[in-house]
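Residue numbers (my numbering): 152 to 493. This report concerns only the one structure given below.
Right under this line is the structure:
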């Protein structure tokens with residue numbers, strides 16, 4: 152047994168030394184196949200069976216399930232190969248700073264300025280979901296309870312505030328659409344001229360069709376998203392330093408990794424500590440390498456001169472912005488938006 156061990160180690164070493172080029176080529180081929188399968192599935196085109204047609208409804212259901220299994224296998228293999236490419240010099244999202252962004256060709260280009268009528272429009276959404284548990288008033292009451300109950304000191308506390316706002320947003324979705332709030336999704340990307348960046352994307356609010364939502368709820372993985380799905384990224388400020396401006400590079404790198412992975416040219420998102428928010432738009436360069444990003448001023452649900460308290464106007468505004476951005480996450484700002492470039 153002992154004599155065989157060096158041979159086994161040697162074989163393993165040769166396997167581990169497969170060239171990055173071979174891994175990248177294999178990964179790209181699997182990624183292309185997975186995307187083709189997803190597009191066919193979205194169009195209702197099923198893989199051909201042995202008889203070239205389903206004989207009955209039961210056979211059709213079995214066929215669809217087989218397609219789901221195949222797609223899931225492709226997704227799993229894609230993620231494993233991505234993991235193989237993660238070398239010892241990988242960088243976590245949470246360690247990214249402005250210097251790292253510069254190495255990736257990512258720079259700040261514009262400011263997101265809140266429009267003059269933004270607060271009025273935010274208040275106008277209060278009538279949406281009035282009879283729901285998570286109505287506008289219900290969210291304000293909930294946040295006021297948190298304000299007097301949970302110290303704002305870490306990520307766990309911030310998540311209570313973030314979750315509450317998204318529960319409210321879930322009542323503001325257009326008919327025929329469904330919101331999914333996914334937490335802790337993994338993401339990875341290897342930019343040109345930079346080490347691999349990897350980590351866990353804190354929260355993703357996805358708006359999609361009822362049918363696609365059902366599939367995603369069963370198998371919630373980012374590669375299952377298609378061009379038709381709209382996903383808003385929310386990055387939480389990590390560690391004892393809760394000053395949002397210091398966490399913008401982290402959020403931008405997460406958004407950039409997702410945009411590259413899903414081949415989306417533009418993505419909207421935000422970084423938050425629960426009670427304060429900075430909104431972001433990341434636009435990839437024409438060649439897909441590097442990006443420009445715009446950020447807003449800090450918006451807070453807490454305000455007041457004498458004492459800090461939950462502001463109803465601010466809560467309504469933030470809810471309205473998040474709901475609108477989730478629906479238009481991969482589109483440029485338009486006349487209906489709450490922000491404009493400055």
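Beta carbons: idealized from backbone N, C-alpha and C, even for Gly. Values in this document were obtained by computation on a predicted structure and should not be read as measured data.
Outcome for residue i when other beta-carbon atoms lying within 10 angstroms are tallied against a minimum of 16
i, result
"residue 426", "buried"
"residue 231", "exposed"
"residue 390", "exposed"
"residue 402", "buried"
"residue 281", "exposed"
"residue 224", "exposed"
"residue 304", "exposed"
"residue 276", "buried"
"residue 459", "exposed"
Beta-carbon proximity list for residue i, same chain, < 8 angstroms, skipping 5 on both sides
i, result
"residue 192", "218 and 222"
"residue 417", "410, 432, 433, 434, 435, 481, 482 and 483"
"residue 479", "381, 419, 485 and 488"
"residue 449", "395, 396, 427, 428 and 429"
Inter-residue spacing [alpha-carbon to alpha-carbon] between residue i and residue j
i, j, result
"residue 486", "residue 269", "12 angstroms"
"residue 179", "residue 189", "15 angstroms"
"residue 553", "residue 226", "The shown model of the chain, from 152 to 493, leaves out residue 553, and the question about it has no answer."
"residue 184", "residue 412", "14 angstroms"
"residue 252", "residue 436", "14 angstroms"
"residue 381", "residue 408", "16 angstroms"
"residue 447", "residue 220", "42 angstroms"
"residue 267", "residue 229", "46 angstroms"
"residue 301", "residue 439", "43 angstroms"
"residue 182", "residue 315", "35 angstroms"
"residue 477", "residue 454", "25 angstroms"
"residue 398", "residue 441", "19 angstroms"
"residue 424", "residue 194", "39 angstroms"
"residue 493", "residue 445", "9 angstroms"
"residue 491", "residue 464", "20 angstroms"
"residue 174", "residue 325", "42 angstroms"
"residue 292", "residue 355", "25 angstroms"
"residue 187", "residue 395", "39 angstroms"
"residue 312", "residue 332", "14 angstroms"
"residue 489", "residue 255", "29 angstroms"
"residue 177", "residue 258", "31 angstroms"
"residue 334", "residue 452", "22 angstroms"
"residue 273", "residue 309", "23 angstroms"
"residue 443", "residue 330", "28 angstroms"
"residue 370", "residue 470", "27 angstroms"
"residue 428", "residue 368", "27 angstroms"
"residue 393", "residue 461", "18 angstroms"
"residue 290", "residue 467", "9 angstroms"
"residue 287", "residue 475", "15 angstroms"
Same chain only: Cβ atoms within 6 angstroms of residue i, ignoring 5 sequence neighbours per side
i, result
"residue 249", "400"
"residue 473", "320"
"residue 279", "323"
"residue 328", "358"
"residue 247", "400, 401 and 404"
Paired residues, beta bridge with residue i - DSSP
i, result
"residue 401", "Partner(s): none; residue 401 has no beta bridge."
"residue 450", "428"
"residue 383", "356"
"residue 443", "258 and 434"
"residue 263", "447 and 492"
"residue 495", "Given that the chain is displayed from residue 152 to residue 493, the structure contains no residue 495 and the question cannot be resolved."
"residue 280", "Answer is none; residue 280 lacks a bridge partner."
"residue 460", "454"
"residue 418", "433"
"residue 423", "387 and 428"
Cut-off 7 angstroms between Cβ atoms - residues of its own chain near residue i, not counting five sequence neighbours on either side
i, result
"residue 318", "285"
"residue 306", "387 and 389"
"residue 406", "384, 418, 420, 431 and 433"
Check: residue i C-beta below 7 angstroms from any heavy atom of the ligand NAD
i, result
"residue 324", "For the structure depicted, the ligand NAD is absent and the ligand set is empty, with no information on it obtainable."
For the stretch 384 to 404 and the stretch 361 to 369, state whether three or more C-beta atom pairs, one from each stretch, are separated by less than 8 angstroms. no
Kindly confirm or deny that the stretch 295 to 311 and the stretch 257 to 265 touch, where touching means at least three C-beta pairs closer than 8 angstroms. no
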